[in-house]
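What follows is a set of notes on a single structure, which appears directly below.
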Amino acid sequence: MRSLFWRIFASFWLAVALVAGLSMLLGRALDQDAWVLGRHPALKDVAELWSQLYERNGPEAAQQFLEKRKQRYRVNIQVLNEEGQALVYGTFPPRAAAFEARHDNPKRLPWRRITEEYRSPATGETYLFIYRIPHPEMMAWHRESLFWPLSALTIALVVLTAISLLLTLSITRPLGRLRGAVYDLGQTAYQQNSLARLADRGDEFGVLARDFNRMGSRLQDLIGSQRQLLRDVSHELRSPLARLRVALALTERAEPAQRDQLWGRLTQECDRLEALIAEILALARLDADPGTPQPVDLRRLLDGLLEDAALATPEQRLQVRMDSRPIALQGWPDMLGRALDNLLRNALRFNPVEQPIEIEVSQQDGFLRIAVRDHGPGAPAEIIERLGEPFFRAPKQEAPGHGLGLAIARRAAERHEGQLLLANHPQGGFVATLELPLAE
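Residues in the sequence shown are numbered consecutively from -1, following this note's numbering.
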């Protein structure tokens, strides 16, 4: 992963290394004596060359070497022994030496004075070299010698500026795109492709963009489902309300003997309206925070549902096949119970009395599957994909219902990070399967 952490980390240490290197370079430049001795062409290796020439050819050859240096570089050189006595005449005139001795401040002299001690490896003798470089010569050499450190400093600053600019842009540009996406999300105009390029990145911004896309998609789905639910609810409520108005109008004009029949119809319509509102509220609660998941005792949950079904429809037979292995399921028992109750009631509507309703519980590949099968006519293949949408009912369906049972079951499965599978059984009838992940 091209982590943003490692980019910042590497940039930081690169800057530290460059600053350290420049500090060392400038430190050497500020140490003028060492810098001049190591860099100035008139002084570089003079001590070694002179001592070898002096020890091999004598004072006369050593004096000529110093005079040639003065003619070429205009630098005066004196060489003293350990007792401070001159070994050769040198190139520094006595008058200039007397002038130098009268001045307490070396900075006011017209030349730069530098000393160097050198120990000969051949004889072990120690020599003291005194160099005097005129200030004009020193300034001219400085202009040339400082070109390299100044160039290095300029290059380092350019590199640091480029790295800082790239690092800043790599942070601010994604933040700007995320800010725009947040604004669009607040205006309900968010588009998934607005962060497509950012989501392809392999660093933390890519992870954040992918998480934001999932969040935006989820929020848009919720907003769309809420709007659709509101439209569907308003549509579904019109029918029972219209029937109530008609029944009330008839009751007002009916004779006292007919009112008893109309009161029964009013009660029936009120019960239907109450059942519809209860299912709408149950569907809306599935989008709310259900709290912390807890262990689900599936066997106990199924036993309760089977008892309720036996009381409501004693003529129907229920056949249960359940895996004997322990079931480790985490979730919300009330939500799961409502989903299974809706699947069971849906099967009871269409199942013929002479055939049993089959409930099969199995575990496979880390998933729990609860299949509820009836032996009814099944569903047309072209509408199976739409089953589970709120308020959707099969055409010409005569059984009572509002088209919310399967929608509640599907939302409950999604809340458990599972899915609801709907299909016609190969041997006839219809099968609804809740597929839920098992706890690790």
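Each residue gets a CB set at the ideal place from its N, CA and C atoms; glycine is no exception. In this text, all values refer to a predicted model and were calculated from it rather than measured experimentally.
Is the beta carbon of residue j closer than 8 Å to that of residue i?
i	j	result
residue 240	residue 264	no
residue 197	residue 204	yes
residue 34	residue 127	no
residue 382	residue 336	no
residue 289	residue 414	no
residue 275	residue 316	no
residue 403	residue 343	yes
residue 267	residue 304	no
residue 323	residue 362	no
Closest to residue i by C-alpha separation, out of the options, would be which residue?
i	options	result
residue 492	66, 402 and 219	Absent from the structure is residue 492, since the part of the chain shown begins at -1 and ends at 438.
residue 369	386, 430, 323 and 170	430
residue 387	253, 224 and 332	224
residue 455	120, 123, 121 and 107	Only positions -1 to 438 of the chain appear in this structure, which leaves residue 455 out of reach.
residue 183	215, 253 and 36	215
residue 421	202, 385 and 74	385
residue 359	278, 321 and 372	321
residue 154	364, 424, 298 and 18	18
residue 331	302, 306 and 178	302
residue 136	169, 55, 121 and 71	71
residue 319	41, 354 and 125	354
residue 367	40, 352, 199 and 338	338
residue 91	75, 83 and 104	75
residue 50	104, 122, 299 and 103	122
residue 217	254, 179, 200 and 199	179
residue 139	348, 115, 371 and 41	41
Using the Cβ count rule (16 or more neighbours within 10 Å means buried), how would you classify residue i?
i	result
residue 97	exposed
residue 112	buried
residue 53	exposed
residue 38	buried
residue 408	buried
residue 129	buried
residue 416	buried
residue 297	exposed
residue 73	buried
residue 261	exposed
residue 373	buried
residue 117	exposed
residue 11	exposed
residue 396	With a pLDDT of 48 at residue 396, under the threshold of 50, the modelled position of that residue is not reliable, and no figure is offered here.
residue 333	buried
residue 160	exposed
residue 110	buried
residue 55	exposed
Between which residues of its own chain and residue i is the CB-CB distance below 7 Å, once the five residues before and five after are set aside?
i	result
residue 158	13 and 16
residue 419	431 and 433
residue 252	260
Quick check: the Cα distance between residue i and residue j, rounded to an integer number of angstroms?
i	j	result
residue 80	residue 48	16 Å
residue 340	residue 165	56 Å
residue 93	residue 156	51 Å
residue 99	residue 69	24 Å
residue 346	residue 314	8 Å
residue 292	residue 365	17 Å
residue 172	residue 7	19 Å
residue 269	residue 278	14 Å
residue 134	residue 162	41 Å
residue 46	residue 95	25 Å
residue 310	residue 411	25 Å
residue 177	residue 201	18 Å
residue 102	residue 120	37 Å
residue 424	residue 294	31 Å
residue 84	residue 104	21 Å
residue 207	residue 170	14 Å
Give every residue of the same chain whose Cβ lies closer than 6 Å to the Cβ of residue i, excluding the five residues on either side of it in the sequence, and list them in chain order.
i	result
residue 326	436 and 437
Among the residues of its own chain, which have a CB less than 8 Å from the CB of residue i, if the five just before and after it don't count?
i	result
residue 86	52, 57, 60, 61, 64 and 77
residue 249	257, 260, 261 and 264
residue 379	422
Confirm the yes/no value for this check: CB of residue i, any heavy atom of the ligand FMN, distance under 7 Å.
i	result
residue 411	In terms of ligand content, the structure shown is empty, and the ligand FMN therefore cannot be addressed.
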